[in-house]
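Taking it in order: structure first as structure tokens, then the write-up.
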Amino acid sequence: MIDSIQHKEWKRYIGAAVACLIIYMFIDIVPLIKASESDEYGGKAISKAEAEQTASKFAEELVGREADSANAVHQSDKLMNGYISRDELTEAYADQYDKQFPTDTYQVEVDFDGAGGKGYVYVHMQNKRIVAWNLHGGEPVVDTDPRLNEQAIALLEEQGFRAEELTSGAAYPNGEWGVKPAGYTIGESQLQVTVAVSMIDGKPVMIKYKPSFIAPAEYRDYVEGQDRWAQFMTGFGFILMSFILFVLAVIYAVLYRRHTSFKRGIVLTIIYFVTYVIINLNVLDGIRASLGEQTDFSGQILITAVFTVLLSIPMAGSIYISLVAGDGLWKAQGRSLWPRFGQPGYGTYVWRSMGLGYCFAAILFALQAAIFIGLKYTIGTWSTSDVTQSPYNMAYLWLMPVLAWAAAISEEAVFRFFGIGLFRKWFKNTFVAALIPTISWALGHVMYPLYPSSTRLIELMIIGLIFSFIFVRYGLITAMFTHAIFNSVGVAITIFTVGSAFDIASGVFFVILPILIAYVIKYMGNKKEKNPPVTTVLPLERQ
61 MIDSIQHKEW
71 KRYIGAAVAC
81 LIIYMFIDIV
91 PLIKASESDE
101 YGGKAISKAE
111 AEQTASKFAE
121 ELVGREADSA
131 NAVHQSDKLM
141 NGYISRDELT
151 EAYADQYDKQ
161 FPTDTYQVEV
171 DFDGAGGKGY
181 VYVHMQNKRI
191 VAWNLHGGEP
201 VVDTDPRLNE
211 QAIALLEEQG
221 FRAEELTSGA
231 AYPNGEWGVK
241 PAGYTIGESQ
251 LQVTVAVSMI
261 DGKPVMIKYK
271 PSFIAPAEYR
281 DYVEGQDRWA
291 QFMTGFGFIL
301 MSFILFVLAV
311 IYAVLYRRHT
321 SFKRGIVLTI
331 IYFVTYVIIN
341 LNVLDGIRAS
351 LGEQTDFSGQ
361 ILITAVFTVL
371 LSIPMAGSIY
381 ISLVAGDGLW
391 KAQGRSLWPR
401 FGQPGYGTYV
411 WRSMGLGYCF
421 AAILFALQAA
431 IFIGLKYTIG
441 TWSTSDVTQS
451 PYNMAYLWLM
461 PVLAWAAAIS
471 EEAVFRFFGI
481 GLFRKWFKNT
491 FVAALIPTIS
501 WALGHVMYPL
511 YPSSTRLIEL
521 MIIGLIFSFI
531 FVRYGLITAM
541 FTHAIFNSVG
551 VAITIFTVGS
561 AFDIASGVFF
571 VILPILIAYV
581 IKYMGNKKEK
591 NPPVTTVLPL
601 ERQ
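Under the working numbering, the first residue of the sequence shown carries the number 61, and numbering increases by one thereafter.
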């Protein structure tokens, strides 16, 4: 009988879980609801189809050619979003400039018929306003043409600028014209506008209009340095360590093969493989957005998709061998932290694991919120945007929660199940054994859009040690349930704020999915116990 989780063990944590859930609601959820209610557009964005239709119509009218196709992605000014977040200028920017110069837009690539090439139109995500564009066509008016300044100013006046604001304009060698309109500032950032004029059917047409606030050089240099440091920490602390753990897992799977079975972990590995491929193919629009205005990105997208599928094979292999090696290591040390289906009490154990998972997830949400508040007032933590992680760049938003299960299986298998088991054997100390893989796991998250880069390292060191306690005390299944529930709820909250009714229904489904999984396993496990396989014993003379 599996007794690592006693009857009504949840009573130890239910009070803390309820209290933490209430705290989390007040810290994060209530402000999120209030922000949505106070938002002029209710926090809702127009659909990509609407953006594509609006952009196509605008482009056709501007250059006089028919648009063959249009494709919209969410584009974001990561530097400017981070700057106004750090200096607490977000509300001021929204009030003064968001309608005209939003930092988040739909970038619509418009493909013209014939030899017209491609162009880009930027659409406001809430009010459908065309806020920028870069198209092709006509005969360029170059910097040697004395009409350029005059025509550029006249066309900018049509966009709402006044002539007296445009006195600092100058022509660039590439034929474009740039200006810093007077009076358009936020903090130490000033608006810059770049335009290009072409003659189409004998008339000057502004085929490029790109207004944007430029974050101060001090901020850009700081972020560049932090990004380099984050890349180093990820490469050395996470990728290299993951590879070393993979090699060691192969060795220890062979050394401890008599304590385990190579049949173990196959189902979890398959689940991980499928979810990992879905996640990465689902965010190709995010990769497209990260490439900006590249005219030939289709090849890169295809290479990325193929590489993702191929990379998922060795990664799945790493998960599998970590499960096998971890099982052998722990059993050799006298503990069975991953019970198998068919053992007496297995169904009940899984059901209790799920219940504890929800309790621990509630506690972790409040703790995470408190950590971020503490880091904001100590090291000045702030966040920014990342188009590769944007829910608007998901091909199918309703599939976004599968991320929770890929992370739960892979990270608990490699860094908790095998990692702690390995270092506990080496150092004979459970805390030290948990600390080493937790550091490596945390370093794998430092490239998230949070600054300073040490933010997630500190946060996940604390969260990771709690995951380690859950794993060591209650086993792998409890840790995976906790991790999956924690991630599922986090993703679902994002879906609730930006998704359609169908997306929201999917979010709810994934939040309660652990209950359904645990119930099915409990039912099947109990049924197997009540109806054990019948073994026929042959007479002695026939054996």
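Just so you know, even glycine gets a beta-carbon here, dropped at the ideal spot from N, CA and C.
Within 10 angstroms of the beta-carbon of Ala473 lie 16 or more other beta-carbons, which makes it buried. Minimum Cα-Cα distance from Asp63 among the listed residues Arg395, Ser443, Ile577, Pro512 corresponds to Arg395.
Residue range 249–260 is occupied by the beta strand (DSSP E) that includes Met259. Residues of the same chain with a CB within less than 7 Å of the CB of Tyr157, apart from the 5 flanking positions on each side, are Ile246 in chain order. Here Ser382 is not near Phe541, since their CB atoms are 8 Å or more apart. Under DSSP, Met266 shares a beta bridge with Val257. For the set Phe546, Glu112, Leu362, the Cα lying nearest the Cα of Ala421 is the one of Phe546. In the pairwise beta carbon analysis, the region 136–147 is classified as touching the region 231–250: at least three pairs are separated by under 8 Å. Under the DSSP assignment, Gln167 falls in the beta strand (DSSP E) whose first and last residues are 164–172. In this structure Gln428 is buried. Its beta-carbon is surrounded by 16 or more other beta-carbon atoms within 10 angstroms.
Residue Gly550 holds the alpha-carbon nearest to the alpha-carbon of Trp465 among Gly550, Ala223, Ser96, Glu69. With respect to Tyr180, Glu169 sits close: the two C-beta atoms are nearer than 8 Å.
Each of Gly535, Phe562, Phe425, Ala76 was checked against the Cα of Lys391, and the nearest Cα belongs to Gly535. The closest CA to that of Met301, considering only His67, Ile499, Arg72, Val366, is found on Ile499. Here Thr538 is actually not in contact with Gly402; their C-beta atoms are around 19 Å apart, not less than 8 Å. Assigned with DSSP and collapsed to three states, Val506 falls in coil, not helix or strand. With fewer than 16 other CB atoms across the displayed protein chains lying within 10 angstroms of its CB, Asn489 is exposed. Nearest in C-alpha terms to Tyr316, of all of Ile439, Val384, Phe562, Pro509, is Val384. Pro233 is classed as exposed because its beta carbon has fewer than 16 other beta carbons within 10 Å across all chains shown. By the Cβ rule, the region 452–468 does not count as touching the region 306–323, because fewer than three pairs are nearer than 8 Å. With a beta-carbon spacing of about 5 Å, Ser116 and Ala130 fall inside the 8 Å limit used to define contacts. Beta-bridge analysis with DSSP links Gln135 to Thr165. If the five residues before and after Phe478 are omitted, its C-beta is found closer than 6 Å to the C-beta atoms of Ala309, Ser382, Ala385, Gly386, all from its own chain and listed in chain order.
Bounds of the alpha helix (DSSP H) holding Tyr282 are 277–293. For His184, DSSP records a beta bridge to Thr165. In the DSSP assignment, Ile469 is bridged to no other residue.
Apart from the 5 residues on each side of it in sequence, Ala552 sits with its Cβ closer than 8 Å to the Cβ of Pro461, Gly567, Val568, Phe570, Val571 in its chain, given in chain order. Counting every other CB atom within 10 Å of its CB across the protein chains shown gives Gln291 a total below 16, marking it as exposed. Shown here for Gln113: same chain residues with a beta carbon closer than 8 Å to its own, the five before and five after excluded, namely Ala130 in chain order. If you compare the alpha carbons of Val265, Arg222, Gly220, Glu225 with that of Glu236, the shortest gap goes to Val265.
For Val239, there is no enclosing alpha helix (DSSP H); the enclosing beta strand (DSSP E) covers residues 237–239. With a threshold of 16 other beta carbon atoms within 10 Å, Trp193 meets it and is buried.
In this structure, the beta-carbon distance from Tyr332 to Ser450 does not fall below 8 Å.
Rounded to the nearest angstrom, the gap between the Cα atoms of Ala493 and Phe487 is 7 Å.
Residue range 326–342 is occupied by the alpha helix (DSSP H) that includes Asn342. Here Asp155 carries a helix assignment [DSSP, helix/strand/coil].
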